[in-house]
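S.K.:
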Amino acid sequence: MMRILSIWAGLVKNCLVREMMFRANFAVILLTTSWWFVMNVLMFQVIFGHVNEIAGWSKYEVFFLVGAGHTIMGIFETFFIMNLTRVPDMIRTGEMDFYLLKPVNTQFLVSARYADFEAVPNTLLGFAFMGWCVIKLRAAFSLPALASFIVFVLNGVALYYAIMFISVTLSFWFMRFHAMSVWWQLTGLGRQPAEIFPPKLKFVLTYCIPMLVIINFPVKAYLGRLPLAAGLWGLGLTAALLFFSSWFFRFALRRYRSASS
Amino acid sequence: MSLVPRWRVHLKVISVGISDALAYRGSFLLGIVTSLIPLITSLLLWSAIYRAGGTGLVIAGFSLNQMLSYYLVMNVLRLAGTVEDAQWEVTQQVRSGALNNILLRPFNYVVMQWDLRMAAVGVGALLALLPAAILFFVARSVIVLPASGWQWGAFAVSTLLGIQISFLVSICVGLSAFWFLETSGFLMTVFPLQMILSGALFPLELVPGKLFAVLGLLPWSYTTYFPLQVYLGRVTLMQAAQGLGMQAFWIAALAGVAALMWRRGLRRYEAVGG
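Protein chains in written order, with my numbering: chain U, 6 to 266; chain F, 2 to 275.
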């Protein structure tokens, strides 16, 4: 595990050095990619000009949720999205060979080879925004709340990773696979306050298509509104799907034909 | 005088646009699926907001059913008309020098873009008919329909004019590539802003009064927001006529700007890669 982490640190550093060659882009990237976030906040700002709460969520609680969604997706984009979108091509062109040859866990290398720093300014913005929301909420700051928040943020990233990885692994069978864009759209549901959904849909989004676990759970954990059973479900589900993704990838590799090599 | 009658050139370009649009029917289907998710999200969000305030709640003059209809009808309109693609394509053709080939053709580039987009909108409208019918049927208990005939008529006309405004704005944004080499960042910034200004995220009345007065004058509000106002019966006959007049004004003004930009831009054009 320590070895994997140190290799990962090396890979990230390698990408950062390459990125720094085009430093001027950094500010431009922040300006251009944070727009959807700004729009989202603006929309809720406008709505809260007319109402005091949405399904039991106050204005700054909703803002906190928007910030959390932005941050969690930002972390995921930074470390994984660039790699996962390449997997179908790696299978098609036989580039996967190079990954199989390296003396390190293939799933790890396939998932984490490249880091994409375009999402970093955005992620930091998300963190700063959440901090501001917490101040505005006047919630008593407590270390356990912060700790459980961080645990569920990481859990959300890991869960989303597991779902996406299983999806791209399917491209060993289906070459043209649009699952990623559909999943990305589905995260839009997770970014909403969970209580806006009718009970049945909320159940589905917690237990079947667990978008609420990814983005709602961290905020609820911080606000002390996450029932223990639900929290345990979220952690257990992530662990189970990570294990499954690993088994499924190895199973799928047996189908790999190493085309054009 | 050219050898081929002008109308036949138009027909040819339009038929190219139609087959182009039909070639991507697969992505059209995917588009329907992916656009349904944000739609459902907005509907549920607004239902929850109104639920908290009691059934009779009115927000900025909107009843719950009006608000839900706003999003439903807008979504149907957006399924058919995505003329905003023009801004990406024009930019790309100017920057890559692909425009060179097109300049050699004896046909105005902007007019050609118009033919292509309108063909795509026509095909899109036909393809959207069935999903729209299903959507209206599923939502039949909440959907608001225009009360009188003139509203249907004014809605149809204002939608068509709104598409022209969208197209012209996109052309102007796209043609700005003559002046700015690196425009992808600019486009990514402008696009969400255009969405808000057109009322695609929320009805414009929700913003504070003074800001609303300004937004109501800008061309974007006449692309989506105004036709929906007509549809929902939130404007009188007189106001509808005024709005249609404003649409005509913006079409004339933007067409003038686009023509000017095209002439000035061509002089600067360096035909990169040509």
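Beta carbons: idealized from backbone N, C-alpha and C, even for Gly.
List, in order along the chain, the chain F residues whose C-beta lies closer than 9 Å to that of U:Gln112?
M.R.: Those within 9 Å of U:Gln112 in chain F number zero; the least Cβ separation is about 28 Å.
S.K.: Within 8 Å of any Cβ in chain F, is that where the Cβ of U:Ser96 sits?
M.R.: The displayed chain sequence assigns Ile, not Ser, to residue 96 of chain U. No - not a single Cβ of chain F is within 8 Å of the one on U:Ile96.
S.K.: Three or more beta-carbon pairs under 8 Å between the region 66–77 of chain U and the region 226–234 of chain F, yes or no?
M.R.: No: the two stretches stay apart, fewer than three of their Cβ pairs being nearer than 8 Å.
S.K.: Terminal residues of the continuous alpha helix (DSSP H) containing F:Asp86?
M.R.: Here the alpha helix (DSSP H) through F:Asp86 covers Asp86 to Ser97.
S.K.: Within 10 angstroms of the Cβ of F:Leu12, are there 16 or more other Cβ atoms? Answer buried if so, exposed if not.
M.R.: F:Leu12 is exposed by the Cβ-count criterion.
S.K.: Run the CB neighbour count on U:Val22, radius 10 Å, all protein chains shown included, and call it buried at 16 or more, exposed below.
M.R.: With fewer than 16 Cβ atoms within 10 Å of its Cβ, U:Val22 is classed as exposed.
S.K.: Out of F:Leu73, F:Cys173, F:Met196 and F:Ala214, which has the shortest C-alpha to C-alpha gap to F:Ala259?
M.R.: The shortest Cα separation from F:Ala259 among F:Leu73, F:Cys173, F:Met196 and F:Ala214 belongs to F:Cys173.
S.K.: Could you check whether the Cβ of F:Gly275 sits closer than 8 Å to any Cβ belonging to chain U?
M.R.: In this prediction, F:Gly275 scores a pLDDT of 49, lower than 50, which makes its location untrustworthy; no coordinate-derived value is stated.
S.K.: At the 8 Å Cβ level, is F:Pro220 part of the contact set with chain U, yes or no?
M.R.: Output row for F:Pro220: interface = no.
S.K.: Let me know if U:Asn127 comes out buried or exposed under the rule of 16 or more other beta-carbons within 10 Å of its beta-carbon.
M.R.: It is buried - the Cβ of U:Asn127 has at least 16 other Cβ atoms within 10 Å.
S.K.: Scan the region 174–195 of chain U for residues whose Cβ lies nearer than 7 Å to a Cβ of chain F and list them as they occur along the chain.
M.R.: Correct list: His183, Ser186, Val187, Gln190, Leu191, Gly193 and Leu194.
S.K.: The alpha helix (DSSP H) that contains U:Ser186, what's its start and end?
M.R.: Note, U:Ser186: alpha helix (DSSP H), Ala184 to Gly195.
S.K.: Considering only residues of the region 191–243 of chain F, which uninterrupted alpha helix (DSSP H) runs meet the minimum length of 4 residues and lie entirely inside it, listed in chain order?
M.R.: For the region 191–243 of chain F, whole alpha helix (DSSP H) runs of length 4 or above, ordered along the chain, are 210–216 and 226–232.
S.K.: In three-state DSSP terms, what is U:Glu123?
M.R.: Three-state DSSP puts U:Glu123 in a helix.
S.K.: On a CA-only basis, which of F:Gln88, F:Arg118 and F:Leu31 is nearest F:Val14? Give me that one, please.
M.R.: Measuring from the Cα of F:Val14, the nearest candidate turns out to be F:Arg118.
S.K.: Contact criterion: CB-CB distance below 8 Å. Does F:Val174 meet it with respect to chain U?
M.R.: Answer no: the Cβ-Cβ gap between F:Val174 and chain U never drops below 8 Å.
S.K.: Please confirm if U:Leu47 has its CB atom under 8 Å from at least one CB of chain F.
M.R.: Chain F, which has a Cβ nearer than 8 Å to the Cβ of U:Leu47, makes this yes.
S.K.: How far does the alpha helix (DSSP H) with F:Tyr72 in it extend, from its first residue to its last?
M.R.: Unbroken alpha helix (DSSP H) run through F:Tyr72: Leu65 to Ala81.
S.K.: Is it right to say U:Gln197 is buried, meaning 16 or more other beta carbons lie within 10 angstroms of its own, or is it exposed?
M.R.: With 16 or more other Cβ atoms within 10 Å, it is buried.
S.K.: Please go through the same chain and pick out, in chain order, the residues whose beta-carbon is closer than 7 Å to the beta-carbon of F:Gln88, but skip the five residues on each side of it.
M.R.: So the list reads Ser171, Val174, Gly175 and Leu188, once near-sequence residues are dropped.
S.K.: Assuming the contact rule is C-beta atoms closer than 8 Å, F:Gly69 and F:Leu44 should be a hit. Round their C-beta distance to whole Å, please.
M.R.: A quick correction: the sequence has Leu, not Gly, at residue 69 of chain F. Correct: roughly 6 Å between the Cβ atoms.
S.K.: DSSP has U:Ser63 in a bridge; who is on the other side?
M.R.: Looking at the DSSP assignment, U:Ser63 forms a beta bridge with U:Glu58.
S.K.: Here's the rule: buried if 16 or more other CB atoms are within 10 angstroms of the residue's CB, otherwise exposed. What is F:Gln243?
M.R.: F:Gln243 is exposed by the Cβ-count criterion.
S.K.: F:Arg264 to U:Leu106, Cα distance in whole Å?
M.R.: Whole-angstrom Cα-Cα distance: 57 Å.
S.K.: I'd like to know whether the C-beta of U:Met44 is nearer than 8 Å to at least one C-beta of chain F.
M.R.: At least one chain F Cβ lies under 8 Å of U:Met44.
S.K.: Going by Cα to Cα distance, which pick from F:Pro39, F:Thr42, F:Arg52 and F:Ile60 is closest to U:Ile52?
M.R.: Per the Cα distances, F:Ile60.
S.K.: Measure from the C-beta of F:Leu46 to each C-beta in chain A and report whether the shortest distance is under 8 Å.
M.R.: Absent here is chain A; the protein component of the structure consists of chains U and F.
S.K.: I need the boundaries of the alpha helix (DSSP H) containing U:Phe157, first residue and last residue.
M.R.: It spans Leu148 to Thr174 - the alpha helix (DSSP H) in which U:Phe157 sits, taken as one unbroken run.
S.K.: Using a beta-carbon distance cut-off of less than 7 Å, what residues from the region 202–224 of chain U approach chain F?
M.R.: The residues in question are Phe202.
S.K.: Say whether the region 136–156 of chain U touches the region 186–201 of chain U, bearing in mind that this needs 3 or more beta-carbon pairs closer than 8 Å, one atom from each stretch.
M.R.: Output reads no: the region 186–201 of chain U does not touch the region 136–156 of chain U.
S.K.: If we count Cβ pairs, one from each stretch, closer than 8 Å, do we get three or more for the region 47–57 of chain F versus the region 51–66 of chain U?
M.R.: Contact between the region 47–57 of chain F and the region 51–66 of chain U is present, because at least three Cβ pairs lie under 8 Å.
S.K.: From U:Met6 to U:Gly241, what does the alpha carbon distance come to, in whole angstroms?
M.R.: Near 20 Å, if we compare the C-alpha coordinates of U:Gly241 and U:Met6.
S.K.: Can you check which of these residues, U:Val218, U:Leu148, U:Ala245 and U:Ile80, is closest to U:Leu233 by C-alpha distance?
M.R.: U:Leu233 has its Cα closest to that of U:Val218, out of U:Val218, U:Leu148, U:Ala245 and U:Ile80.
S.K.: Find the residues of chain U that neighbour F:Ile60, judging by a C-beta separation of less than 8 Å, and give them in chain order.
M.R.: Residues of chain U passing the Cβ test: His55 and Val56.
S.K.: Express the C-alpha separation of F:Ala99 and F:Met2 in angstroms, rounding to a whole number.
M.R.: With a pLDDT of only 45 at F:Met2, under 50, the local geometry of the prediction cannot be trusted, and no value is derived from it.
S.K.: Verify the CB distance criterion: does F:Met189 have a CB-CB separation below 8 Å to chain U?
M.R.: Yes, F:Met189 counts as interfacial toward chain U.
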